[in-house]
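Numbering (this note's numbering), first residue to last: 11 to 703. Just so you know, even glycine gets a beta-carbon here, dropped at the ideal spot from N, CA and C. None of the values given here were measured: they were computed from a predicted structure. Beneath this line is the structure, given in structure tokens, with notes to follow.
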């Protein structure tokens with residue numbers, strides 16, 4: 011039987027066993043068979059991890075030069091190995107057999123400690139080699155140290171001190187946040203308290219203290235405590251994240267991934283309790299590595315969304331994540347086991363709960379500031395309301411009647427508006443009726459206007475006959491006949507009658523022509539094709555609108571037409587004419603109300619075509635203009651600056667909707683005292699569709 015020569019790394023009076031040979035078996039083999047086995051494999055001084063399985067591992071170690079230690083002690087840097095048997099071999103025989111492990115009560119061990127320690131007797135110091143049998147349901151990592159009892163006791167005292175400090179921190183945070191929970195009744199503090207408690211149990215299990223101080227004789231729990239509490243810590247930690255960082259509302263898609271993680275941890279717990287602790291530990295190591303990255307990514311995304319409390323959480327989780335990865339990598343044998351990897355998990359966990367406590371405190375500060383700001387806003391509003399109440403109380407009695415009248419007028423205006431809106435469809439019929447009347451009037455007016463010219467011609471002929479009779483009578487009639495004719499002319503006032511007939515004919519001609527223009531304008535304005543787009547001449551619509559407004563327009567107001575060349579524009583002619591009517595009528599009212607204070611009151615209408623297949627119509631008046639406060643609201647429904655009963659406030663609102671439906675734009679340029687300009691922009695072509703007013 012050959013043994014692999016051991017090499018040792020010395021540090022003071024502690025020697026780490028780095029080189030040995032090993033043999034893995036799947037069944038229970040007697041130590042005598044192992045002694046005669048030649049199947050041991052050298053680890054080449056770098057293999058310490060034998061994986062996670064139910065197999066047993068035999069480790070063969072040579073420990074020369076033990077005489078340098080006064081009381082040599084062999085210890086394993088792990089508290090979570092079920093059974094470790096040590097055989098000291100001399101001349102092919104077993105000198106002494108040792109038994110240790112987490113399934114052996116601490117009080118029953120030859121060296122009372124949560125660590126797995128073997129106390130060599132004097133005869134074992136000179137043994138040829140040592141055989142270790144490692145039986146464990148989860149990981150199997152062999153890291154052994156030779157030291158004196160004093161050095162080992164120093165290490166144990168340091169670990170006790172470290173664990174005591176960590177426990178003090180955990181207890182302080184536990185009771186402080188428990189007090190906060192009962193004070194503010196916020197669920198997140200209860201979750202944090204539960205998380206803190208479970209983290210302590212998990213770290214105490216990893217360090218072996220739960221076996222010594224909580225359940226020393228409970229082997230079932232000693233085997234499963236690391237898996238159970240590590241899984242529980244992760245479950246509650248994710249619960250804390252979801253509540254504290256509001257992941258459900260901020261990153262709902264990522265939040266759904268946590269339910270998958272819940273399912274994996276549920277499998278780990280159920281499997282550990284009922285089936286195989288080995289499989290649970292294998293799944294746990296892989297799951298922890300994935301979960302810490304997923305939680306880190308989720309916290310980063312929440313922070314990028316601007317949620318401030320994620321900063322402390324991200325810092326706490328990053329430290330905890332580093333601890334987990336170093337611990338997992340050391341457990342897998344990827345990185346060597348040393349003091350850093352041995353204590354990184356408890357230290358990282360303590361820093362995590364401390365930083366999470368800071369995060370909760372920061373959350374309190376944020377809530378406090380928000381509450382103070384809200385209270386300040388409420389106080390300010392309360393003061394403003396108090397001032398308003400005092401002001402209203404001083405004038406309330408004086409204005410009750412005025413307010414009542416205004417409410418009655420407003421009610422009437424609303425009723426009128428409602429009536430207008432309800433009867434909107436009736437207006438279309440009225441437009442058809444107006445167009446029909448215009449058509450019917452057009453026939454007799456055409457008859458009158460067409461007969462005036464021949465009537466003038468006939469009267470002219472009659473006048474020629476009368477002149478002939480008068481000239482002939484003066485030559486051929488007797489004196490008495492001439493006298494009688496002259497008396498008759500004077501009695502009939504023939505010259506006046508002839509002049510009057512001429513004036514009447516001229517008046518009839520002018521009246522007929524004006525009536526024809528009005529009827530034409532009425533027919534153009536009262537378009538009935540409301541549901542069909544047609545190409546129309548906008549100039550005709552503007553001219554017809556001006557004709558219809560002539561009767562209400564003071565004589566001092568001039569209309570200036572600056573028409574450019576416009577193509578036929580595809581639109582709803584009746585609706586566009588309604589736009590012209592509203593805007594020009596408003597301009598007329600603005601000028602009429604201030605007619606005495608305006609020199610040369612006039613309305614200028616400009617039209618222009620553009621290369622981008624749009625046309626603009628500008629309607630400008632030199633009236634009083636509008637202040638900015640009125641300009642901002644003129645397109646609001648029911649807003650009007652006119653006296654009660656003179657306007658409903660719907661005109662410009664309807665105008666705006668009409669232009670909007672035509673895919674155009676309506677701009678208003680005005681300054682108080684400098685007039686107002688409405689600029690309408692319309693596309694030449696519309697997509698084929700029906701429009702609604």
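Alpha-carbon spacing of residue i relative to residue j, whole angstroms
i           : j           : result
residue 2   : residue 381 : Absent from the structure is residue 2, since the part of the chain shown begins at 11 and ends at 703.
residue 148 : residue 385 : 57 Å
residue 284 : residue 290 : 10 Å
residue 687 : residue 420 : 30 Å
residue 635 : residue 563 : 19 Å
residue 152 : residue 94  : 11 Å
residue 309 : residue 191 : 24 Å
residue 200 : residue 313 : 23 Å
residue 597 : residue 516 : 34 Å
residue 69  : residue 238 : 29 Å
residue 367 : residue 307 : 21 Å
residue 144 : residue 304 : 35 Å
residue 429 : residue 661 : Per-residue confidence for residue 429 stands at a pLDDT of 46, beneath the threshold of 50, marking its modelled position as unreliable; no derived number is given.
residue 396 : residue 247 : 49 Å
residue 414 : residue 399 : 19 Å
residue 641 : residue 509 : 57 Å
residue 156 : residue 24  : 6 Å
residue 258 : residue 266 : 8 Å
residue 38  : residue 324 : 48 Å
residue 100 : residue 300 : 48 Å
residue 568 : residue 594 : 12 Å
residue 9   : residue 315 : Because residue 9 is not part of the residues shown, which for the chain are 11 to 703, the question remains open.
residue 588 : residue 607 : 29 Å
residue 615 : residue 683 : 20 Å
residue 469 : residue 475 : 10 Å
Residue i - partner residues in DSSP beta bridges
i           : result
residue 550 : DSSP lists no partner for residue 550.
residue 68  : 33 and 143
residue 612 : 568
residue 84  : 128 and 156
residue 670 : Paired residue(s): none; residue 670 is not in a bridge.
residue 619 : 625
residue 631 : 613 and 686
residue 59  : 151
residue 675 : 691
residue 555 : Partner(s): none; residue 555 has no beta bridge.
residue 107 : 97
Nearest to residue i (by Cα), restricted to the options the options
i           : options               : result
residue 121 : 160, 468 and 201      : 160
residue 212 : 573, 231, 683 and 152 : 231
residue 81  : 127, 598, 71 and 43   : 127
residue 186 : 560, 567, 370 and 496 : 370
residue 363 : 243, 216, 677 and 480 : 243
residue 104 : 163, 167 and 40       : 40
residue 62  : 288, 33, 109 and 53   : 288
residue 618 : 594, 668, 572 and 670 : 572
residue 464 : 497, 418, 557 and 518 : 518
residue 28  : 34, 35, 53 and 45     : 53
residue 554 : 583, 574, 196 and 674 : 583
Buried/exposed call for residue i, threshold 16 Cβ in 10 Å
i           : result
residue 173 : buried
residue 484 : exposed
residue 67  : buried
residue 330 : buried
residue 685 : buried
residue 637 : exposed
residue 16  : Caution is warranted here: a pLDDT of 33 is assigned to residue 16, below 50, making its placement in the model unreliable, and no coordinate value can be reported.
residue 218 : buried
residue 605 : exposed
residue 60  : buried
residue 620 : exposed
residue 591 : buried
residue 407 : exposed
residue 513 : exposed
residue 146 : buried
residue 502 : exposed
Integer Cβ distance of residue i from residue j, believed to fall under 8 Å
i           : j           : result
residue 628 : residue 689 : 5 Å
residue 326 : residue 179 : Rounded, the Cβ-Cβ distance is 14 Å, inconsistent with contact.
residue 115 : residue 226 : 6 Å
residue 208 : residue 184 : So it is not a contact: roughly 11 Å between Cβ atoms.
residue 601 : residue 631 : 6 Å
residue 546 : residue 625 : In fact, because the Cβ distance is near 12 Å, the residues do not count as touching under 8 Å.
Minimum Cβ-Cβ distance from residue i to chain B less than 9 Å
i           : result
residue 421 : Given the protein chain composition of this structure (a single chain), no chain B is represented.
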